[in-house]
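Numbering (our numbering), first residue to last: 266 to 442. Cβ coordinates follow ideal geometry from the N, Cα and C atoms, glycine included. A quick note: this is a predicted structure, and the numbers were derived from the prediction, not measured.
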Amino acid sequence: MSEQIKVTINEQEFDVDAGARLIDVCRDKGFGIPSFCYYQDLEVQASCQMCLVRIDKMPKLQTSCTIKCTDGMVVTTESEEVEKAQRAMGEFLLTNHPLDCPVCDRGGECELQEVIFDWGDVEERFTRKRTANPKNIFRRSSPTTRSDASFANAARESVTSGWARTPSRPAIAASIL
266 MSEQIKVTIN EQEFDVDAGA RLIDVCRDKG FGIPSFCYYQ DLEVQASCQM CLVRIDKMPK
326 LQTSCTIKCT DGMVVTTESE EVEKAQRAMG EFLLTNHPLD CPVCDRGGEC ELQEVIFDWG
386 DVEERFTRKR TANPKNIFRR SSPTTRSDAS FANAARESVT SGWARTPSRP AIAASIL
């Protein structure tokens, strides 16, 4: 049995396992923390920055997916500061993931869409016209290689979601990123 420590989340004290990830503890205790890059069984990336929380005695907001719980930790997941930062990160993510859902492969089954729509009034300030097949997307340096931004993003997403990273295939697509 793991050592138990006390952690305070939104003014409620909990006994948790020492060294547990803060995002997992918060979610287990019923505090909804958005995250698009954290998966419990995969390596931590902290690339989406959506899981920001305030931890007492820390100079700035912290990503809860990178923090392991320590005894006496005091965490705030619901405050104006935290929500403002999460909204800003959500808006930033919308620059590359516009809510043009009818043409999206996810077809409305999208975590980003759910989080943004739950907030209700998030605007897309950064928009740009996109084309289905932009010219010069493929830049070949040799007949066997290609540099394609959308391919790299798809590969990164597949690694993150676990498609390419299993015990039998530790990092198939990781080398192309």
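Within the DSSP bridge table, the entry for residue 317 names 328 as partners. With a beta-carbon spacing of about 5 Å, residue 339 and residue 273 fall inside the 8 Å limit used to define contacts. Residue 323 is bridged by DSSP to nothing; it lacks a bridge partner. Rounded to the nearest whole angstrom, the C-alpha separation of residue 328 and residue 316 is 5 Å. About 6 Å separates the beta carbons of residue 301 and residue 376, which is inside the 8 Å limit, making them a contact pair. Going by DSSP, residue 288 is part of the alpha helix (DSSP H) stretching over 287-293. Contact between the region 331-345 and the region 275-285 is present: three or more C-beta pairs spanning the two stretches fall below 8 Å.
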